[in-house]
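Report on the following structure.
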Amino acid sequence: MPPTHICIERSLTQAEFDLFARLSGDDNPIHVDPDFSGRTRFGRTVAHGLYLCSILRGLAGQVRPGGRQLAKDVRFPAPTYTGEPMRFSASVTAEAGGVTHIAVKAERVADGVVTCEGVFEMGAAA
């Protein structure tokens, strides 16, 4: 039986941001240019929102292996910076009619600030 909750901690690196930019084509300087982003309100590079969603989708897949993502609803209330320890989690919150609702969250370990949160809806494997 798969777990109903999973949590990991990791720090994201500039090299990961750069690789995601190359793979996705999203080379916005806020993600890949430390000099540019240093002059913004963020003060340094920030993670791509879809990179965070990809990490969280991987966790959702561990609590519902083989599940198909039907929908997601996420928001990004704060930036995720390079080099900061982060806690990523996914928890089953409801199951009905073949659909599983999984709450996902990314938060900074140091201060508990949530940088991404939402719900993924997962269906049975195809």
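Numbering (the numbering used here), first residue to last: 41 to 166.
Quick reminder that beta carbons are idealized off the backbone N, C-alpha and C, glycines included.
As the structure is a prediction and not an experimental result, all values here were calculated from the model.
**Request:** Below 8 Å on the Cβ atoms is my guess for THR120 versus THR53; work out the distance and round it to an integer in Å.
**Result:** Numbered from 1 along the sequence shown, position 80 holds the residue referred to as residue 120. Numbered from 1 along the sequence shown, position 13 holds the residue referred to as residue 53. Between THR120 and THR53, the beta carbon gap of about 12 Å keeps them out of contact (Cβ cut-off 8 Å).
**ILE142, buried or exposed, once every other Cβ within 10 Å from all chains shown has been counted against 16** = As a first step, residue 142 must be located in the sequence shown, where it is residue number 102. ILE142 is buried by the Cβ-count criterion.
**Assumed close pair LEU99, SER129 - CB separation to whole angstroms, cut-off 8 Å** = The residue labelled residue 99 in the question sits at position 59 within the sequence shown. The residue labelled residue 129 in the question sits at position 89 within the sequence shown. Indeed, because the Cβ distance is near 7 Å, the residues count as touching under 8 Å.
**Asked** For ASP75, which residues of its own chain have a beta-carbon under 6 Å away from its beta-carbon, when the five flanking residues on both sides are left out?
**Response** As a first step, residue 75 must be located in the sequence shown, where it is residue number 35. Once the five neighbours on either side are set aside, ASP75 has no close Cβ partner at all.
**Item:** Three-way DSSP call (helix, strand, coil) for LEU96 in this model
**Value:** In the sequence shown, counting from the first residue as 1, residue 96 sits at position 56. Correct three-state label for LEU96: helix.
**Request:** Drop a sphere of 10 angstroms on the beta-carbon of VAL149, count the other beta-carbons inside from all chains shown, and report buried for 16 or more, exposed for fewer.
**Result:** Taking the first residue of the sequence shown as position 1, residue 149 is located at position 109. With fewer than 16 Cβ atoms within 10 Å of its Cβ, VAL149 is classed as exposed.
**Prompt:** Is it right to say LEU63 is buried, meaning 16 or more other beta carbons lie within 10 angstroms of its own, or is it exposed?
**Reply:** Taking the sequence shown and counting its residues from 1, one reaches residue 63 at position 23. Exposed, because fewer than 16 other Cβ atoms sit within 10 Å of the Cβ of LEU63.
**Beta carbon of ARG97 nearer than 8 Å to that of GLN109** = Here residue 97 refers to the residue found at position 57 when the sequence shown is read from its first residue. Here residue 109 refers to the residue found at position 69 when the sequence shown is read from its first residue. Yes, these two residues count as a Cβ contact at 8 Å.
**Sequence-distant residues of the same chain with beta carbon closer than 6 Å to PRO69, five excluded per side** = Taking the sequence shown and counting its residues from 1, the one referred to as residue 69 is at position 29. Hits under 6 Å: PHE76.
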